[in-house]
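Chemist:
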Amino acid sequence: MPLLDIKNLNVRFGDATATPVVDGLSLSVDKGEVLAIVGESGSGKSVTMMALMGLIDHPGIVTADALSFDGKDMLKLNARQRRQIVGKDLSMVFQDPMTALNPSYTVGFQIKEVLKQHLGLKGKAAHQRALELLQKVEIPGAAQRLEAYPHQLSGGMSQRVAIAMAIAGEPKLLIADEPTTALDVTIQAQIMDLLLALQKEQDMGLVLITHDLAVVAETAQRVCVMYAGQAVEVGQVPGLFDVPAHPYSEALLAAIPEHSMGAERLATLPGIVPGRYDRPSGCLLSPRCPYVQDKCRQQRPSLDPQVHGLVRCFYPLNQEVA
Amino acid sequence: MNTPVPVTAVDQSLLYPSVYKEFWQHFSKNKGAVAGLAFMALVVFCAIFAPWVAPHDPSEQYRDFLLTPPVWLEGGQWQFLLGTDELGRDLLSRLIQGSRLSLLIGLSSVVMSLIPGILMGLLAGFFPKILGPTIMRLMDIMLALPSLLLAVAIVAILGPGLINTVIAIAIVSLPSYVRLTRAAVMGELNRDYVTAARLAGATLPRLMFITVLPNCMAPLIVQATLSFSSAILDAAALGFLGLGVQPPTPEWGTMLASARDYIERAWWVVSLPGLTILLSVLAINLMGDGLRDALDPKLKNAA
Amino acid sequence: MFSFIARRVGLLIPTFFGITLLTFALIRLIPGDPVEVMMGERRVDPEMHAQAMERLGLNKPLYAQYIDYVGKLAHGDLGESLRTRTSVWSEFTSLFPATLELSIAALIFAGIIGLLAGVIAALRRGSLFDHGVMGISLAGYSMPIFWWGLILIMFFSVSLGWTPVSGRIDLLYDIEPKTGFMLIDTLLSDEEGSFIDALRHLILPAIVLGTIPLAVIARMTRSSMLEVLREDYVRTARAKGLSPARVVFVHGLRNALIPVLTVFGLQVGTLLAGAVLTETIFSWPGIGKWLIEAIGARDYPVVQNGILLIACLVILVNFVVDILYGFANPRIRHQR
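Protein chains in written order, with the working numbering: chain A, 24 to 345; chain B, 877 to 1179; chain C, 2 to 337.
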C-alpha cells in the first residue's frame, strides 16, 4: 500500500465546464521514496499538491477517483480531521521563502505554533525543541535566530526555517514545491543537500516539485512529467532520462543547454503550452509534437503502462529498448 | 516508425479578444457598474435635454400649490409628480434642472484639476531631485486640511456662487491627481520600455506624454470618476452651508438648505433632493469601482 | 525607528510654516479694504483708518507682515473674534471639547462596527452579508451626510420622538463644564437623568458623523483582509494545519490591521470636515459650527486662525498615526 496514492485527480476553477488545471492525474509515492514532479510553469504541478493539502479554495473544485494518504481517504475527511494530518504527517515547503513567513511574528513563535498544535509541546519543552529543529536545519546561532523576525533573515535562512517548520511534526511525507528556485545558486545546492539528508534520516517520503532536470537526476528515484495539467509520463529516474517514452519528455531533455553544445540553436519545440482558449481536442501536445499523426489530433490518449512505466501517448518512443 | 513532421504553431494571440472587448466583458460582468452607467446615462440625458424633459419651468411659482405632496400621497397632484416646495415650484423640474448644475460642476472641476494635476505629477516624477519634492511638499500642505474645509476656506475668500464653487473644488482635488500621477510615473520610469525609448532618442515631451503617460491612465481614470462624485457631494455641501450656489438656483444641496425648516411638514422637500444626490453619487461610484476592477490587471486574476 | 521618527518630525516644521503661509495669504486675498476686513467696521474715517493701518502693521511690506503674524502666533496671540471680542484661542479651547467628544463617539462607532463588518465580509466573501456590507458602505460614502442627518432627525426625532433634535443636553439641566465632555460632566454632577439625556443627544450626531468613516473602514478592512488572506504566509499557516480561527485572527488580522490603522487615522480629517456639517445640522456647539458662523458673519480673525488651528490639529493627528504605524509594522520598527 503506497504512502500516497492519487488516482484521476481533477482540479478546475469555476464550474464543471471550466478548463481543468489538473486533468486526470495519477501518481503514487511509497514510504521513504523520493518522487520528482517536473514540468513547465503552469503545468499544474503545484496545484496538484495543494489540492492534496486541502489548500485549494473557492472557486476551485477538486475531484478524484482516489486520494489516499497513509491509508486515509483524504476526500472523505472533514476539515478538522484533515488539519490533524496536514502540518504533522503531511507537510509542505513552498517556493518563495521570503514571503512564506509571517512578517509580524518571530521565527520562534512560528515554529512553536506547529509544536503546540501537533505535538502538544508548550513553554520550555517547545522552546528546546524549536532550538533543536533550527540546529537540525543547520542555522548558525540558533538561539538568537529564534527571536528574529523574518525580514531579518536571508533567503537561504528563511527557507531553512520553513523546512524546520515542515519537519517539526515529524512528517511521513514532505512536499517541497520548487524549494530552491527563488534562491541563489550557491545556496540551492546546500538546501537540496539538507532536504535529502533530512529525508534519509527521517525516512520520509519526499515529493520534489521542480523544473530543474539536473536536480531530478541526482536526487529522485521516480519522476512524473507533467504537461498542461496532465501527467504525460511516470517512470524510474535513470530510465526516463536515458530512454524517454513521451515526446515531451524527450523534448525537455533535448532542451537542456548541455545537450545542444556545438549547435547553432537550442533544441526547442515550436509553439507554446495551450492556454484557456485553445485546448486541442486531441492530444494536448499534438499542435507541437514532432511525431504527430492523425489519431493524435482526434483522440486524447490515456496514461497507460508501457515498457518503462506509465506513458500518455498513442505512439510512445523507445519502446524497443528494454 | 515515428518520423518528425514539420509543425506550424498557431498564432495564439488571434484567439484572445481585443482590448476594448475584454474591457467591456469585465465591466459588464459587474452588474452594479452597469446599473450605475445606466443611471448616469439617464441623468446626462436629463441634463442635456432639461428644458424639454422638465414638465414645468423650475423657477415658476404656483401660489395656489404651496408644499403639495408627491402624487402618490394624499393631496398630491398629477401635474406635480414629486410635489412642490415652499414657494410652489415643481420639485421634479427643479431636480432635473439641478442635474445640469451638478454635472457641470463635476465635469468642469475634474477637467480643471486633472490637466494641471497630470502636468504637475509628470514634472514631479521626471524631475525627482528638486522640482519633485517641492511640488509634493506643496501638495502635502494642501492635503493637510480636509478637503471640505479647504473648499470652505477658498469660498470664504472668493465669495459664494457657482464659479467659485467650481474653482474651490478644482483646487481641492488637485493634490490627489498630482500624487497619483507622480506615483504611477515613478513606477513606470524604471521599466525597460522607458529605457528603450530613451536610448532610441525620445525627447522629453515625447517621453512624458507618449511613452509614459498612457500607461498611467488606468488609476487616473478611476480617480477622475471618484473625483466627479466628490465634486457633486462637495458642491452640495457648500450649497447647503450657504457658501456655494445661491438660491433660487436649483442646485441640489442649496435646495436642501432651504428645506431644513420643513422636515416636519413636508418631508419630500427634504428627502428627494438628497436622494437624487445619493443616487447620482452612488451610480458614479459604482461605475468607478467597475472601471477599477476592469482596468486593473492584478485584480482581474483574482477569483 | 529613530530615523523614522526624526524624519517625520522634520517634515512637521515646514508643513506648519506652510499652513501659516496659507492662512496668512487667505486673509490678504479677501477683496476689500484690509482695515475694514480686519476690524469689521465700515466707513472708518481717514484718521482712524491711518491709525488702524499703523496699528495693524498694514503699512509694512508683506514679508514683514508675515513675520509679525508668525511672531504673534508664537506668543499665542491668535487675535480676537470680531463678534464676541474674546480671544480666538479661548473660544477655540472652550468649544473644542464638544467636537472632540462627538468625534471620539463617532470613531468608536465607526471603528468597532466597521472592523467587525469588514472582517466578516472578507471571511464570507461573495455571500449576502458580504454584498450587503459592500452595498451599505458604498451608500455610506456616497451620501451627503447633511442629508443623512436630516433624514435621521426626521425619522428618529420627529416621527418616533426617541432622540432630541439638537444641542448637547436639555436646557433643563444645569451642568458644570468641568472637563468639557458632557458625558463625563453629567456623571460628575448630581443632576438625575442628565447622563442619559446627554447620551440621547450624542447618539444621532455620532452616527451621522461616523457614517462615512464606518463605510471607509469596513471597505478597507475587507479588502485588506482579502489581500492578506491571499498572502503566502497565510498559505503556510494553513499548511501547518492550524485552526481557521487562528489563521484568520493571529496570522491574518494582525497584518491586515496595519493599513486599516492608517485609514483610521486619516479619517480624522474626514471627521473634522464632517463635523462642520454635522454640528450645523444638530446645532452642536463645536468648532465646526463656530467656523461656519464666523465665515457667514465675516468674522475674519476667527476664520483665519480657526482654519489654522484646525489644520494644525489634523497635521498633528496624522503625525501621531504615522508614528503608531511605525510601531505596528515590525519592518519599520527595526530600522536603525
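The beta-carbon is built from N, C-alpha and C at its ideal position, and this holds for glycine as well. Only a predicted model underlies this, so the values are computations on that prediction, with no experimental measurement involved.
Just the C-alpha distance for Ser978/B and Glu962/B, rounded to the nearest angstrom, thanks.
Modeler: 22 Å
Chemist: Can you list, in chain order, the residues of its chain with a C-beta nearer than 8 Å to that of Thr271/C? Leave out the 5 residues immediately preceding and following it.
Modeler: Ile213, Pro214 and Val217
Chemist: Cutting at 6 Å between CB atoms, please list the residues of its own chain near Leu230/C, excluding the five before and the five after it.
Modeler: Gly253
Chemist: Buried or exposed for Met49/C, going by 16 or more other Cβ atoms inside 10 Å?
Modeler: exposed
Chemist: If you check the beta carbons only, do Leu78/A and Ala257/C fall under 8 Å apart?
Modeler: Not closer than 8 Å, so no.
Chemist: In the DSSP output, what is Gln253/A paired with across the bridge?
Modeler: Tyr250/A
Chemist: Measuring alpha carbon to alpha carbon, tell me which of Leu196/A, Ala89/A and Ala74/A ends up nearest Leu219/A.
Modeler: Leu196/A
Chemist: Comparing the C-beta of Leu27/C with each C-beta of chain B, is any distance below 8 Å?
Modeler: True, the Cβ-Cβ gap to chain B drops below 8 Å.
Chemist: Check the Cβ of Ala246/C against every Cβ in chain A and list those closer than 9 Å, keeping chain order.
Modeler: Ordered by position in chain A, no residue passes the 9 Å Cβ test against Ala246/C, which lies about 11 Å from the chain.
Chemist: For Glu232/C, which residues in chain A fall below 9 Å Cβ to Cβ?
Modeler: By Cβ distance, chain A contributes Thr122 and Asn125.
Chemist: Could you run through the stretch 140–164 of chain A and flag, in chain order, every residue whose CB is less than 7 Å away from some CB of chain C?
Modeler: Gln140 and His141
Chemist: Is Val10/C buried or exposed, if buried means 16 or more other CB atoms sit within 10 Å of its CB?
Modeler: exposed
Chemist: Can you tell me the Cα-Cα spacing of Gly252/A and Pro163/A, whole angstroms?
Modeler: 40 Å
Chemist: For a test of the three-state rule: what should DSSP assign to Thr287/C, helix, strand or coil?
Modeler: One point to set straight first is that residue 287/C is Gly, not Thr, in the sequence displayed. Here Gly287/C sits in coil by DSSP.
Chemist: Which residues does DSSP list as the beta-bridge partners of Met81/C?
Modeler: It is Glu, not Met, that sits at residue 81/C in the sequence shown. Per DSSP, Ser88/C.
Chemist: Counting only beta-carbon atoms, is Glu281/A nearer than 8 Å to chain C?
Modeler: It does not; no Cβ of chain C falls within 8 Å.
Chemist: Using three-state DSSP, classify Thr86/A as helix, strand or coil.
Modeler: strand
Chemist: Please state whether DSSP places Met115/A in a helix, a strand or coil.
Modeler: strand
Chemist: Quick one: using the 10 Å Cβ neighbour count with 16 as the cut-off for buried, is Ala26/C buried or exposed?
Modeler: exposed
Chemist: Are Met996/B and Ala1046/B close, meaning C-beta to C-beta below 8 Å?
Modeler: no
Chemist: Counting contacts by CB-CB distance shorter than 8 Å, is Ser1147/B in contact with chain C?
Modeler: Yes, its Cβ sits closer than 8 Å to a Cβ of chain C.
Chemist: Closer than 9 Å by beta-carbon distance: list the chain B residues that pair up with Met155/C, in chain order.
Modeler: Ile1139, Glu1140, Trp1143, Val1146 and Ser1147
Chemist: Under 8 Å between the Cβ atoms of Leu1050/B and Pro1009/B?
Modeler: no
Chemist: Can you tell me which of the three DSSP states Arg220/C falls into?
Modeler: DSSP, read as helix, strand or coil, puts Arg220/C in helix.
Chemist: Excluding sequence positions up to five away, which residues of its chain have a Cβ less than 6 Å from the Cβ of Thr944/B?
Modeler: Gln953, Phe956, Gly959 and Thr960
Chemist: Can you give me the start and stop residues for the alpha helix (DSSP H) that Thr21/C sits inside?
Modeler: Phe3 to Arg29
Chemist: Evaluate the contact criterion for the stretch 1054–1071 of chain B versus the stretch 1079–1094 of chain B: three or more CB pairs, one atom per stretch, below 8 Å.
Modeler: yes
Chemist: Check each residue of the stretch 139–172 of chain C: if its Cβ is closer than 7 Å to any Cβ of chain B, include it; give the result in chain order.
Modeler: Leu139, Ala140, Ser143, Met144, Pro145, Phe147, Trp148, Leu151, Ile152, Ile154, Met155 and Val159
Chemist: What residues match up with Arg126/C in a beta bridge as DSSP calls it?
Modeler: Answer is none; Arg126/C lacks a bridge partner.
Chemist: Against chain B, with Cβ distances strictly below 8 Å, would Ile31/C count as a contact?
Modeler: yes
Chemist: Nearest-angstrom Cα distance between Pro293/A and Pro303/A?
Modeler: 15 Å
Chemist: Apply the 10 Å Cβ neighbour rule to Ile1160/B and answer buried if 16 or more other Cβ atoms are within range, or exposed otherwise.
Modeler: buried
Chemist: How would you list, in chain order, the residues of chain B whose beta-carbon sits under 7 Å from the beta-carbon of Ile293/C?
Modeler: Leu1117
Chemist: Please tell me whether Arg299/C has its Cβ less than 8 Å away from any Cβ of chain A.
Modeler: With 8 Å as the cut-off, Arg299/C does not count as an interface residue toward chain A.
Chemist: Buried or exposed: where does Val346/C fall if 16 or more other Cβ atoms within 10 Å of its Cβ makes it buried?
Modeler: With chain C represented from 2 up to 337, any question about residue 346/C goes unanswered, as that position is not in the structure.
Chemist: Can you check the stretch 284–328 of chain C for any beta strand (DSSP E) of at least 3 residues that lies completely inside it and give the ranges in chain order?
Modeler: none
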